[in-house]
Amino acid sequence: MALVGLLILCFVISFDMSHTCQNADDFVGASSPGDIVIGALFAVHRKMLHPDEYSIRPVFQNCVGFEIQVFLQTLAMIHAIEMINNSTLLSGITLGYEIYDTCAEVTKAMGAAVRFLSKFNTSKNEVEFKCNYSDYIPRVKAVIGASYSEVTMSVSRLLNLQLIPQVSQASSAEILSDKIRFPSFLRTVPSDFYQTRAMARLIHMSGWNWIGIIATDDDYGRFALESFGIQAMANNVCIAYKEMLPAFLSDSTINAKVNQAFEKIIKETRVNVIVVFMRQFHVMRLFQKAIERNINKVWIASDNWSAAVKVSMIPYIKRLGTVVGFAFKSGNISTFHYFLKTLHAKPMENNKFLNEYMLLLSTCAHVKDQELSNCISNCTQESLMYKAGENNQTLKDDFLIANIEPGFIHSTMLAVQTIAYAIREQCQDRNCKNPFAFAPWELLEKLKKVKITDSEKEVHFDVKGDMNTGYDVLLWKEINGQMEITNMAEYDLQKDYFIFPDEEKKNEFVNLKKFQSKCSQECRPGQMKKVTASPHTCCYECVYCPENHYSNQTDMDHCYLCNNKTHWSPVNSTKCHKKTVQYLSWNDWFAVLLLILSGLGVVLIVIITAIFTRYLDTPVVKASGGLVICYVILLCHFFIFFSTGFFIGEPKEFKCKTRQALFGISFVLCISCILMKSLKILLAFSFDPKIQNFLKSLYKPIPIAVTCTGIQVIICTFWVIFRSPFVEQNFSIREVIILECNEGSIVALGIMLGYIATLAFICFIFAFKGRKLPENYNEAKFITFGMLIYFIAWIIFIPVYTTTFGKYLPAVEIIVILISNYGILCCTFLPKCYIILYKQEANTKSAFLKMIYSYSSKSAGSLTVSQISLETNCPVSQFPITNSCCKSEKISVNGSCHFQMPGQRLIRGKLSPKNVAGITPRKRLSSI
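The sequence shown runs -18 to -1, 1 to 910 under mature numbering (1 follows the signal peptide of the UniProt record, and there is no 0).
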């Protein structure tokens, strides 16, 4: 008896698995009557058989490869319809359904679509051709499905003839958002635009930019690849390779294509992240081969297979690496769990899918739960015949619950609910128990506007017919030795970011960065990317940022430019450094040294002034031009030393305008006074009457000083008025801002210094001519030497000043001012101070007259006495001389001075040296 039962069961299964449908009703997989019928298309089987032993005929073959996950979607639809029928939503109107198996084949799906278009309540399933289908009532009011985008596109174009609403729970191809080509299509899942954007976002945030793609060579794969390419480019992610696998496993080239894909994966060692847009049965084939080849990568899963339990149950799946996937947003499906637990009590006579599932359970009863899904999916006719006797009376609801893909179940139930709510709106003013109450196109308009509450959120279709519910980001983790699919984050479509339920999940997301998938090594801060010959922008070299540029992030395309006026940066810099403002400050050691030297000069001036004041009536002081002239010269020297202080410290407008003018005017006045002294010396000891008369006409002390100084005042005044010096920031040094005085006009500065040099040169000429004067009158020699020091200093100054830059530029001019000022001061006054302090015997009138006589006796054999009178009471060496020292109105005759000695007659005219051998002539006023 058992043998008979076994034979009958094998016959039934064999007949069911190998024979084509005999009539239209055999084509329906599951059905239930109702006032309003909803059609549905699900790929319950993986593929349709294509016999090779005879030629192709227009016959629908049976399908193989039972898909548990899609079967569960059909049950979810049935459950949702039962819930609505048992509720008060439609007020007594019942929903029916007709579910068809597409076998993932466009051809079979089109056959079901033709039946949907057939006229209602006709036994022949006729489809009438009309120019206007407004009043046409087809077999169904709406269609749910299909599972795959490629099938959906074909079916949608057919349903567009009558504008029958089509709501897909899984088709996500971006092209389906085009309402011109697919006007009656809607879906309860987001478009692939958002999925590919989320993928590219995740890849970018994980620091990957060099990835591979494997996709099926069908509409879904091609459109997904195109969309992802755009999003990847926007996120600076480059695609190293794209491998396309045949859309059907029955394709004879699939093994070669898979091997080719793996060759590319193995060759591109830098690619460690692979995005996969494929159906579940393709992924099964791909991963089985990958495990054999020990390929370990990060796999980015599309919504098609990211939650596929049977894929996660592949033996040794953990060897593949890490799987991160995107699944449609799930909701509360607890009622569906209860439905599955009570499934054994449901009628099965109109559900061929459920019957087949039970038969498959019986066939695979000997298989462990971990391998049950694969057994059901891969069960062949031969295995069914040999194993059919091992019957299993339970439906294994725990197995069904374990294989639920929450996103697909939720979107399927959501599709039923949206249609139900649209029907409620449509039936408010008409009797919808009458199948002719409305046409499908009228329901479409209501469906586009429907709004329902899902998980306390209001959801609706947007203008493109998409319901943007979001995505769950899944992470496959090994827990207790088994691969578990866990929720890691939620992707918000509107805000384009990831939401993490807790810190642990966020850390899991961050840990993805430990995997490296880059064409080039990451450029550190301070570097920038330099594109190489590769066509990919992700392949580059890292070069250092040049001077005054920086980068503060990794993998920067270019370095930012620092503000050269306020900031700077060295090569390979991560930030700009603020330039320090520099100038010759008061606390700078070199400035302090210069100030000390200037202070010593002032102290020297004070000492000289004190000495000259103390020895006011001595011949040396008088020979220096008198106290007034000395005071004026010393005061000029003081102002010159004082002017150096204006070159130190933070430049201010007043300082810049004052420093050169104060120095220039003081120096000119000093040189003018020294010029008068030189002229006076020449005048006193010039024995050529013609030269003497010329010098006498030039010798106008006060006009000379005023005129010379006034010219300099005019030069400085014009300079300050028209091209005034000003404070300037010098950016020539990269690290600092030099705060300095811009002279305003180099020409004006040159004229001022040139004028000083001209006066100094004239003074030098006069002093040089008087270099052979008596020793006590040897001031001309020192003036000559002082002027030489001045010339040498300022000649050296010109090239040094023009080639020096930085904060010590003012110090160059200070040094030159100090050298020239010290040179003239010391050469003018120190020899006299030496005589006053250490050679007092030479600082007497007799010594001066003796020196004059000695100089006169060595001259051209005669001494021409000036009209300027000698001082009274001039001492003599042997004989007293009268008190009438060359007063022109008394004893001057023909321009000669008359000496009268006691007891002798008045000597007139020229004196022979031998006649005055014992007489020391008086010193002239012109030099005393």
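Glycine is no exception: its CB is placed at the ideal position from the N, C-alpha and C atoms.
Counting along the chain, V125 sits inside the beta strand (DSSP E) bounded by residues 124 to 126. Assignment of Q144 by DSSP, reduced to helix, strand and coil, places it in the coil class. CA-to-CA, the gap between A515 and V253 works out to about 19 Å. Between the segment 399 to 415 and the segment 427 to 446, the count of Cβ pairs shorter than 8 Å is three or higher; the stretches touch. Closest in alpha carbon position to G313, among N337, P388, Q564, F53, is P388.
Of the candidates Q43, F42, Y804, L57, L57 places its Cα closest to the Cα of T394.
Annotation: the continuous beta strand (DSSP E) that includes F708 extends over 708 to 712. S312 sits in coil when the DSSP states are folded into three classes, being neither helix nor strand.
Secondary structure of Y453 (DSSP, three-state): strand. In this structure L657 touches I686 by the C-beta definition: roughly 7 Å separates them, less than 8 Å.
Between K637 and C723, the beta carbon gap of about 7 Å places them in contact (Cβ cut-off 8 Å). Counting C-beta pairs with one atom in each stretch, the segment 413 to 423 and the segment 107 to 125 have three or more that are closer than 8 Å, which means they touch. In terms of Cβ geometry, I818 and I630 do not form a close pair [threshold 8 Å].
Here H540 carries a coil assignment [DSSP, helix/strand/coil]. Here the alpha carbons of G508 and T89 stand approximately 59 Å from one another. Annotated as distal: K446 and S355, with beta-carbon spacing of 8 Å or more. In the three-state DSSP reduction, W458 falls in the strand class (E or B). DSSP, reduced to helix, strand and coil, places N67 within a helical segment of the structure shown. Look at N333 here: in three-state DSSP terms it is strand. For G11 and K334, the gap between their C-alpha atoms comes out near 5 Å. Within 10 angstroms of the beta-carbon of R641 lie 16 or more other beta-carbons, which makes it buried.
Here N803 carries a helix assignment [DSSP, helix/strand/coil]. Secondary structure of E110 (DSSP, three-state): coil.
Across the set E529, P15, A222, T178, the C-alpha of P15 shows the shortest separation from the C-alpha of N103.
Under DSSP, F628 takes part in no beta bridge, so it has no partner. Taking the CA atoms as reference points, I18 sits about 11 Å from I63. In the DSSP assignment, the residues bridged to I195 are K224, V257. Rounded to whole angstroms, the gap between the alpha carbons of V257 and S100 is 42 Å. Leaving aside the five residues that flank M92 on each side, the residues in its chain whose CB is nearer than 8 Å to its CB run, in chain order, S136, V137, L140. Separation of the CB atoms of F623 and L644 is rounded to 11 Å, and the pair is thereby denied contact status at 8 Å. With fewer than 16 other Cβ atoms inside 10 Å of its own Cβ, S316 counts as exposed. With distances taken between CA atoms, W458 lies nearest to V305 out of V305, G47, V603. The Cβ-Cβ distance between S502 and Y522 falls below 8 Å. For the pair F497 and V219, the CB atoms are not nearer than the 8 Å cut-off. Residue pairing of C723 in beta bridges, as defined by DSSP: V709. Annotation for V41: no beta strand (DSSP E) segment contains it, and DSSP assigns it neither H nor E.
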